[in-house]
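Trainee:
Numbering (this note's numbering), first residue to last: 184 to 878.
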């Protein structure tokens, strides 16, 4: 792989972007509550935590490794299952029972939660202690590296390619390591909704320093191999009721290094992965170099130190998912394989466009991976991971098709119009499309807009006249989603919101949508009510068990970046000729809605959905999936230099006399005035200079 200038500079130490990243960002309960200002008028209806982790991983890495408490939903932390209001805790202090592999990032309830092969350091002969939660102390982390103290053992973790490296330093002789391959999910104290049984398990001691395990985790067979490096290693089976479920390593001395790899294909693949692993300290430096190279694709200039930390912390958490599974085979999907498109209904809006625009290798794998999923499964599910469970299909439809249109419009070399045509035709013959094809309705009216937007988007790309005519005809059904008052219909149920939440999504045919609402002036008034301009502040409901009161509330307000359902809605003001309102919302978002530290995220990050929205909003451009366009917002930086996937540079320059100038007076693209606040995706990928003149 050839490196670009940013990547070379990062590796040579010219850019140490990692120093701005807080990997603990969003790991805890949010502290983003306000009693004044615009943000105080927005109402949080979803979980009050970010659900990110500080686990060691690489950009889009298939392997992650970190502390395991069984906490919801990543296996890290002290949260019990929650979806809104206050959060019950497993413990009052940080705790863990060991260190697990593979994790979700920022999600909520997913039905499968990973957390495999738990490694636990301990002393003595009694291996039953490995099930105990004990204090987790002295946590420190940086991109690609994590360390903490557990049972007075210094525990350090890093990754090299698809391999996890553990280094344990004991304070006395007699230390041991246990590895539990039976774990499949979160704490068993929650319920079986959060924990699965590993089917057809097989544990094998290969030698004194190597153990192998294979088992079926939610329908996907995984092969693990763990190898110990130390003096005089000895491995023995770890049994429960006479059945092996792991291994115990004993050794001489006070230090040991364990490497762990997994594969969906074979033991041979895991063993091959372990062969080329770097020494621990070298792996830490290598991981930092890789992270620096990816983060340095975006170089921002601002004298606001907090903004710089927020920007790069959010960018970091935007590059965790999806996972590059090259060489693996998941549910029959081979070749370019990508997993952990766990919350596609969030990722397609902001996270995937970020990858398509700036990370060509991964962007091409994602696009081809979506096509391969469609060909293998006969559909593109709303969630695709290392599991035969496809949760949350009620969320949306045809999002994979919309994302493929984005990839194509941004110059992705691994996707063709033929691929997109093939995928949309396959989606249209799914059983759950029968009613739509007959009368233009779905049970959930948001699905009408999903599908009509996808039809209109593909119709604009295809040269197949038969298909174009069919798609244009289907796209006319969009009006059926709306009531006479210009809002979404009351006849439908709405996921994580109400009809107001979804009434201001950006459609491909926004001119017609604004006309349906009664024109620009009335549409602007509807938006003002939704965002609380001129309205009263609302009280956030933060007590445990607040779900019913939240559900019965009738604020009908913007969710304030607590959720992704309406996070693009501020940009609807562009179509009402009120860019000034958009500027006020984005300034409030970047300066207040997102903060610093563990409580800095206003809601679940959902595989990078919220964090990538922050990145776009800070830069002053925002992708609208399926539209073929970027919308021009309100930059919060002084300048930015971005290396595009096409190899072309994008320069953003902001001219303001003082920080109070938050409104865009005029904006130019390569010297030409932009009057409608839109830039075609194909145009932007050619590179150039975007200048904002603020007032």
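Where a beta carbon is used, it is the ideal one built from N, C-alpha and C, also for glycine. Keep in mind it's a predicted model, so treat the numbers as computed, not measured.
#1: Would you give the residue range spanned by the alpha helix (DSSP H) that residue 462 belongs to?
#2: Relative to the C-alpha of residue 781, which candidate in 204, 210, 203 has its C-alpha closest?
#3: Taking its Cβ as the centre, do 16 or more other Cβ atoms sit within 10 Å of residue 674, making it buried, or is it exposed?
#4: Is the region 508 to 521 close to the region 823 to 838, with three or more CB pairs under 8 Å?
#5: State the DSSP-derived secondary structure class of residue 351, mapped to helix, strand or coil.
#6: What does the Cβ neighbour count give for residue 769, buried or exposed, with the cut at 16 atoms within 10 Å?
#7: Looking only at its chain, what residues have a beta carbon closer than 8 Å to the beta carbon of residue 458, apart from the 5 residues adjacent to it on each side?
#8: At what residue ranges does the region 743 to 782 contain a whole run of the beta strand (DSSP E), taking only runs of 3 or more?
#9: Ignore the nearest five residues each way along the sequence and tell me which others in residue 450's own chain have a CB closer than 8 Å to its CB.
#10: Distance, Cα to Cα, residue 806 vs residue 812?
#11: If you draw a straight line from the alpha carbon of residue 427 to that of residue 253, how long is it in whole angstroms?
#12: So what's residue 556 in DSSP terms, helix, strand or just coil?
#13: Within the same chain, show all residues whose beta-carbon is closer than 6 Å to that of residue 193, passing over the 5 residues directly before and after it, in chain order.
#14: Does the Cβ of residue 618 have 16 or more other Cβ atoms within 10 Å, making it buried, or fewer, making it exposed?
#15: Taking the beta carbon of residue 841 as the centre, do at least 16 other beta carbons fall within 10 Å, making it buried, or is it exposed?
#16: Go through its chain and collect everything with a Cβ distance to residue 642's Cβ below 7 Å, but skip five positions before and after it.
#17: Can you find the residues in the same chain that come closer than 7 Å, C-beta to C-beta, to residue 214, ignoring five residues on each side of it along the sequence?
#18: Distance, Cα to Cα, residue 340 vs residue 347?
#19: Okay, do the region 592 to 603 and the region 432 to 448 touch, 3+ Cβ pairs below 8 Å being the bar?
#20: How about the region 845 to 865 and the region 609 to 625: do they share at least three Cβ pairs that are nearer than 8 Å?
#21: Taking the alpha-carbon of residue 306 as reference, which of 261, 296, 356 has the nearest alpha-carbon?
#22: Determine the contact status of residue 401 and residue 798, defining contact as a CB-CB distance below 9 Å.
#23: For residue 547 and residue 596, which I take to be in contact (beta-carbon distance under 8 Å), what is that distance rounded to the nearest angstrom?
#24: Is the beta carbon of residue 703 less than 9 Å from the beta carbon of residue 759?
#25: State the start and end residues of the unbroken beta strand (DSSP E) segment that holds residue 812.
#26: Mind checking residue 843: buried by the 16 CB within 10 Å criterion, or exposed?
#27: Are the Cβ atoms of residue 392 and residue 372 separated by less than 9 Å?
#28: Have a look at residue 263 and residue 819 and give me their C-alpha separation to the nearest angstrom.
Mentor: On the basis of the coordinates in this document:
#1: Taken as a continuous stretch (DSSP letters only), residue 462 belongs to no alpha helix (DSSP H), as it is neither H nor E.
#2: 210
#3: exposed
#4: no
#5: strand
#6: buried
#7: none
#8: none
#9: 395, 397, 406, 408
#10: If you draw a straight line from the Cα of residue 806 to the Cα of residue 812, it is about 6 Å long.
#11: 21 Å
#12: Three-state result, residue 556: helix.
#13: No answer about residue 193 holds up, because its pLDDT of 49 lies below 50 and its placement is not dependable.
#14: With fewer than 16 neighbouring CB atoms inside 10 Å of its own CB, residue 618 falls in the exposed class.
#15: exposed
#16: 651, 654, 655, 658
#17: 778, 782
#18: Rounded to whole angstroms, residue 340 to residue 347 spans 7 Å at the Cα level.
#19: no
#20: no
#21: 356
#22: no
#23: 6 Å
#24: yes
#25: 812 to 815
#26: exposed
#27: no
#28: 36 Å
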